[in-house]
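Numbering (the numbering used here), first residue to last: 1 to 89.
See structure below.
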């Protein structure tokens, strides 16, 4: 699980049931109910719970913004023209 701090998580700090705990807290399901979810629903809840958790702090919001920017595959041409000048200026 990414920490959002830019540092690698130390293996001795990782709990095997961390994802289940996060989903259980977020969805208010029991551990047993979480284990009965299909893998797609469970992974979707892990993602949502992680995003919810990260949005609780400024550092987390910055981390999510960085993740969003790193996923972009198309340049923002309007922003580039604003920064470096456009062809028509």
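Glycine included, each C-beta is placed from N, C-alpha and C at the ideal position.
All values derive from a computational prediction rather than experimental measurement.
Using DSSP with H/G/I as helix, E/B as strand and the rest coil, what is residue 85?
In the structure shown, residue 85 sits in coil (DSSP, three-state: anything other than H, G, I, E or B).
Helix, strand or coil: which one does DSSP assign to residue 38?
Residue 38 falls in the coil class under three-state DSSP.
From this set, 69, 57, 51 and 19, which residue's C-alpha is nearest residue 119's C-alpha?
Beyond the ends of the chain as shown, which are 1 and 89, falls residue 119; an answer cannot be given.
What did DSSP end up calling residue 15 once you bin it into helix, strand or coil?
Note: residue 15 maps to coil in three-state DSSP.
Relative to the alpha-carbon of residue 51, which residue among 69, 78, 22 and 36 has its alpha-carbon at the smallest distance?
Comparing Cα-Cα distances from residue 51 to each of 69, 78, 22 and 36, the minimum goes to 22.
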